[in-house]
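As structure tokens, the structure follows; a few thoughts come after it.
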Amino acid sequence: MDTEEIRKLSALARLAMTDDELKSLSKDLNSILEYISAIKSASLEFEGQGTEAVRERVNIFRDDNDREEPGIHTEMLLEGVPERDRDWVKVKKIIGERD
Amino acid sequence: MGIDLEGMTIAHSGELLRKKKISSVELTQAYLEKTEAQNKTLNVYLEVFSDALQEARARDIDTDGQRLSPLHGIPLAIKDNILIRGKQCSAASQILSNYTAAYDATVIGKLREAGAVFLGRTNMDEFAMGGSTEHSRFGSTKNPHDPERVPGGSSGGSAAAVAAHLAPGALGSDTGGSVRQPAAFSGVVGLKPTYGAVSRYGLIAMASSFDQIGPITKTVSDARIIYDVIRGSDPRDSTSVSAPPKKEHARENRTLGVPEQFLTEGVDQDVLDNFNTSIGVLKNLGYTIRPIELPSLKYALPVYYIVMPAEASSNLSRFDAVRYGSAAPSRTLLEHYEHSRGRGFGAEVRRRILLGTYILSAGYYDAYYTKAEGLRRHIRIDFENVYKEVDAVLMPTSPTPAFKLGEKSHDPVQMYLSDIFTVAANLTGHPAISIPSGTVVREEKVLPLGLQMMGPAWSEEKLFEIGERFEFALHGERA
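These protein sequence lines are chains A and B, in that order.
Take 37 as the starting number for the first sequence in the working numbering and just add one per residue.
Take 3 as the starting number for the second sequence in the working numbering and just add one per residue.
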């Protein structure tokens, strides 16, 4: 992974990075990648087991019952909002010039 | 009244409380005073709850509760990633430094109902990412056995709390060993339950297919007490399951397996010697020890460091400082996200998010994630096959005793290697317990070591049984 690739990843992950941080991260991440690439040596008998693993999983849903009264948590939840306007969560402009 | 906190266990305190020899207020007060004296040095608690005594008082008045639960009136320490309604919860991160929990975690609700008292929230590696508690944004915790060493991580605060007698028991969370390894480093017991045994609702998620909340206590019996209260299926956590009905044992718990080939490299000689001594103790107790083969075990750690960061990067995407959390100044929405998260997350967290993002990105997904999940399945099947021949698998909990502060924090892979024996249980979902197994002297300091026992899914009772017998053989009857 070069610093350019890490820059792209940090954009994807919405993480601001300084150039120094990018450099030290590059070193760390490459060292980790080298370690985890040990799985490349795992033999072909393991192929296909990934999809098998996914197929074995079952989603569990519960019925949409037992609803709480609307509004009972509103104030408590809004208290934690960094920017608030009455009962609304304030965010920066979403539609505008391209970044 | 001088309460001897060093000799105090949950079981013993419970007995004294029920016989009215002490009150919850006296017990809680004793822990609060000791914490007041030692927390600045050890940095165990990020916050001591100001209402702990008030809660203890309420327990003393509630006489009905005393007949029902062994945890009634017992004070406990809670890791800073388990939500307690109305209390701050930060996962030791700057991005949640101003967050107040809007609800109780299910385990907290259960402990409340059982009459437990919450002493405070304990220090941890940020978002549970680490093996030393050095990655907390609020300073490291010191190992009570040697303040120049780490208590382990990520539940280092919880383990140190119990080891320093600042709480008789604590909750931690275990994703790759984060309950067991600090328990071993700190000389206490730590259990990672079967995946799904304990609800994760209200636990700040790190890697959702690995995380489990587990007790950290002085004795195996105390771990069982907490486990019995916190476990159970929860409609709010669709991955939680009730234990299946107990089957009659086809065979008594008599045979224990050791993956000898896995213990040859990278393990401290003192740890190996202590492990062999533990095996001797178990043999004297009548257990048969068999070498077992787990050929896929060598992939366990790399598999863990592929799947876990992938899941964690996904889980941490919710922290956008919009609905809650600490927002950085910004001009645009994108800047808001990037600066709040860039500033709010520490270096290790950012490393793992980026690693996870890379692993899940197009072009690498199959080579890493899918392959790792396949290997993971294979590791689980290997273990399930081994459990047809043995009742439990033994390993040292950690390849070394507690290392020094700063010793591994500059080399991520070195830090990750300390998880080498613990990750398997998270990959398979099987339960595992770490039990103090003796000590080693390093630079004139006496450092604890831990023995890890792993069993098949839902074998906690078996692990408790073997653990209690081992504990008794080492220490005799504990109060």
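A virtual CB, placed ideally from N, CA and C, is assigned to each residue, including glycine.
Quick one: give me the first and last residue of the alpha helix (DSSP H) that residue i is part of.
i                 : result
Tyr339 of chain B : 335-346
Gly376 of chain B : 373-388
Pro414 of chain B : 414-418
Ile12 of chain B  : 12-20
Val425 of chain B : 425-430
Arg123 of chain B : It is not in any alpha helix (DSSP H) - Arg123 of chain B instead sits in the beta strand (DSSP E) that spans 119-124.
Any beta carbon from chain B within less than 8 Å of residue i's own beta carbon?
i                 : result
Val94 of chain A  : no
Ile108 of chain A : no
Arg120 of chain A : no
Lys128 of chain A : yes
Asp64 of chain A  : yes
Arg103 of chain A : no
Arg50 of chain A  : yes
Ser111 of chain A : Looking at the sequence itself, residue 111 of chain A is Glu, so the reference to Ser does not match. No, because no Cβ of chain B sits closer than 8 Å to the Cβ of Glu111 of chain A.
Glu88 of chain A  : yes
Arg91 of chain A  : no
Suppose you measure from the CA of residue i to the CA of residue j; what does that come to, to the nearest Å?
i                 : j                 : result
Arg480 of chain B : Thr39 of chain A  : Bear in mind that the predicted position of Arg480 of chain B carries a pLDDT of just 49, short of 50, making it too unreliable to give a figure here.
Val269 of chain B : His109 of chain A : 51 Å
Asp148 of chain B : Arg354 of chain B : 29 Å
Asn428 of chain B : Gly132 of chain A : 45 Å
His14 of chain B  : Pro77 of chain B  : 13 Å
Glu57 of chain A  : Ser180 of chain B : 27 Å
Asp421 of chain B : Leu303 of chain B : 7 Å
Ala434 of chain B : Gly259 of chain B : 14 Å
Leu19 of chain B  : Thr11 of chain B  : 12 Å
Phe187 of chain B : Glu391 of chain B : 31 Å
Is there a C-beta anywhere in chain A that falls below 8 Å from the one on residue i?
i                 : result
Leu429 of chain B : no
Gly268 of chain B : no
Pro304 of chain B : yes
Thr108 of chain B : no
Ile355 of chain B : yes
Gly327 of chain B : yes
Ala225 of chain B : no
Arg219 of chain B : With the sequence shown as reference, residue 219 of chain B is identified as Thr, and Arg is not the correct amino acid for it. Chain A, which has no Cβ nearer than 8 Å to the Cβ of Thr219 of chain B, makes this no.
Leu85 of chain B  : no
Gly344 of chain B : yes
Pro414 of chain B : yes
Ala323 of chain B : yes
When we look at the beta-carbon of residue i and count the other beta-carbons within 10 Å, is it buried (16 or more) or exposed?
i                 : result
Arg19 of chain A  : As displayed, chain A neither begins before 37 nor continues past 135, which places residue 19 of chain A out of reach and without an answer.
Arg378 of chain B : buried
Ala85 of chain A  : Rather than Ala, the amino acid found at residue 85 of chain A in this sequence is Gln. Looking at its Cβ environment, which holds 16 or more other Cβ atoms inside 10 Å, Gln85 of chain A is buried.
Asn278 of chain B : exposed
Leu287 of chain B : exposed
Asp6 of chain B   : exposed
Ser52 of chain B  : exposed
Gly88 of chain B  : exposed
Ala39 of chain B  : exposed
Could you give the first and the last residue of the continuous beta strand (DSSP E) run that contains residue i?
i                 : result
Leu453 of chain B : 447-456
Asp176 of chain B : 171-176
Gln96 of chain B  : First-last for Gln96 of chain B: undefined, no H or E at that position.
Gly111 of chain B : Premise fails: Gly111 of chain B lies in the alpha helix (DSSP H), 108-115, not in any beta strand (DSSP E).
Thr257 of chain B : 257-260
Val50 of chain B  : 47-50
Ser188 of chain B : Premise fails: Ser188 of chain B lies in the alpha helix (DSSP H), 182-188, not in any beta strand (DSSP E).
Ser439 of chain B : 434-444
Quick check: does the Cβ of residue i come within less than 7 Å of any heavy atom belonging to the ligand MG?
i               : result
Glu8 of chain B : With respect to the ligand MG, the structure offers nothing, as it holds no ligand at all.
Residues of chain E with CB under 9 Å from residue i, in chain order?
i                : result
Arg98 of chain A : No chain E appears in this structure, whose protein chains are A and B.
Counting only runs that start and end within the segment 268-354 of chain B, where is the beta strand (DSSP E) found for 3 or more residues in a row? 290-293
- Every unbroken alpha helix (DSSP H) within the segment 60-117 of chain A, with a cutoff of 4 residues, ordered by chain: 85-92, 110-115
Hey, which unbroken runs of the alpha helix (DSSP H) at 4 residues or more fall wholly within the segment 187-253 of chain B? 222-232
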